[in-house]
Ligand code: ATP
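In the UniProt record's numbering, the protein residues as written are 1 to 260.
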């Protein structure tokens, strides 16, 4: 459903953040994008959702298609209208607005009152706490609740594909587990998810397929279960001392791509 082909992104004249990066996401399931700080994960999300120029970036090569239609260079609102919705890193909720108003602000694709009511029902079923706190200001919620609100707001426009940028960032382990279960439920309800995470253990446990990015390119790609079992990934991203040294260029067990 989503195809990123040979995408190169630059900030200013000299900073190449993505360098011929390619990946694809099917119409259902969870695809994870892993990688350490500065690997280019957020830049990839910005490029897909069309907000690069707000951050001083631009697509310098390649293209992105959604259901066969090119979305590179399209207006962000058009991209949302086509069914791709991003939940940005750092749970950017509207702190001074109520929980209810934050959700309403996300309902940009809901054409009628009944569609919006359905979306509320879905979000409240996934996150009962948001129904309980509907009249509270979002800034008073805990970090985990704000993350739920940010995801809920994204779901209000009933996306076909949800882009989640580091939903586990700064959350306690129990809340990370909870967010993982929610992502699994969202996927079971038929919404495809592209999940960017530094928490490789969490992401690989819920994803079907995963890409590992390094320095703006895809370094590894494979089934999430295979990557989780690979010595290479265990050593580099899961902190498993039984894996090989991080400097090795040997192949992991079942990786379909390895670019040293
Ligand atoms: P993190 O997990 O820390 O968010 P990331 O994998 O998401 O990292 P990006 O934020 O996409 O990585 O950054 C990729 C590269 O682009 C980094 O070298 C970063 O410093 C640079 N970069 C990101 N945003 C900008 C910007 N607005 N202007 C200039 N350079 C940027």
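For glycine and all other residues, C-beta sits at the position ideal for the given N, C-alpha and C.
Is there contact here, the segment 185-194 with the segment 216-229, by at least three beta-carbon pairs under 8 Å?
-> Verdict: no, contact absent.
Assign residue 209 to buried or exposed, taking buried as 16 or more other Cβ atoms, counted over all protein chains shown, within 10 Å of its Cβ.
-> Position 209 of the chain shown, counting from 1, holds the residue named residue 209. Buried: at least 16 other Cβ atoms inside 10 Å.
Output the residue ranges of the alpha helix (DSSP H) runs that lie fully inside the segment 65-91 and measure 4 residues or longer, sorted by chain position.
-> You should have 76-82.
Taking DSSP as the reference, what is the three-state secondary structure of residue 55?
-> Counting from 1 along the chain shown, the entry for residue 55 is found at position 55. Residue 55 falls in the helix class under three-state DSSP.
Work out the CA separation of residue 26 and residue 224 for me, nearest whole Å.
-> In the chain shown, counting from the first residue as 1, residue 224 sits at position 224. In the chain shown, counting from the first residue as 1, residue 26 sits at position 26. Cα to Cα, the separation comes out at about 14 Å.
If we call anything under 8 Å between Cβ atoms a contact, is residue 109 one with residue 157?
-> Here residue 109 refers to the residue found at position 109 of the chain shown. Here residue 157 refers to the residue found at position 157 of the chain shown. Taking 8 Å as the Cβ cut-off, residue 109 and residue 157 qualify as a contacting pair.
Closest residue to residue 160 among 33, 84, 17 and 116 (Cα-Cα distance) = Position 160 of the chain shown, counted from the first residue, corresponds to residue 160. Comparing alpha carbon positions, the residue from 33, 84, 17 and 116 closest to residue 160 is 84.
When you compare only the Cα positions, how much space is there between residue 3 and residue 211?
-> Numbered from its first residue, the chain shown carries residue 3 at position 3. Numbered from its first residue, the chain shown carries residue 211 at position 211. Using only the alpha carbons, I get a separation of about 13 Å.
In the DSSP assignment, find the alpha helix (DSSP H) that holds residue 152 and state where it starts and stops.
-> Taking the first residue of the chain shown as position 1, residue 152 is located at position 152. Per DSSP, residue 152 belongs to the alpha helix (DSSP H) from 143-155.
Taking just the CA atoms, how far does residue 107 sit from residue 96?
-> Walking along the chain shown from the start, residue 96 turns up at place 96. Walking along the chain shown from the start, residue 107 turns up at place 107. Near 18 Å, if we compare the C-alpha coordinates of residue 107 and residue 96.
Taking just the CA atoms, how far does residue 33 sit from residue 179?
-> Taking the chain shown and counting its residues from 1, one reaches residue 179 at position 179. Taking the chain shown and counting its residues from 1, one reaches residue 33 at position 33. The alpha-carbon atoms of residue 179 and residue 33 are separated by roughly 16 Å.
DSSP three-state call for residue 130: helix, strand or coil?
-> Sequence index remark: in the chain shown, residue 130 carries index 130 (1-based). Note: residue 130 maps to helix in three-state DSSP.
Tell me whether the beta-carbon of residue 166 lies closer than 8 Å to the beta-carbon of residue 197.
-> Numbered from its first residue, the chain shown carries residue 166 at position 166. Numbered from its first residue, the chain shown carries residue 197 at position 197. Yes.
DSSP three-state assignment for residue 117, whether helix, strand or coil | What you label residue 117 is simply residue 117 of the chain shown in a count that begins at 1. DSSP places residue 117 in helix when its eight states are reduced to three.
DSSP three-state assignment for residue 1, whether helix, strand or coil | As a first step, residue 1 is located in the chain shown; it is residue number 1 there, counting from the start. Looking at residue 1 - three-state DSSP - the assignment turns out to be coil, as it is neither helix nor strand.
Range of the contiguous alpha helix (DSSP H) that encloses residue 106 = Here residue 106 is taken as the residue at index 106 of the chain shown, counted from 1. Judged by DSSP secondary structure, residue 106 falls within the alpha helix (DSSP H) whose first and last residues are 99-106.
Going by DSSP, what residues sit across from residue 223 in a beta bridge?
-> For the purposes of this step, residue 223 is taken as residue 223 along the chain shown, with counting starting at 1. Note: residue 223 is bridge-paired with 209 in the DSSP secondary-structure output.
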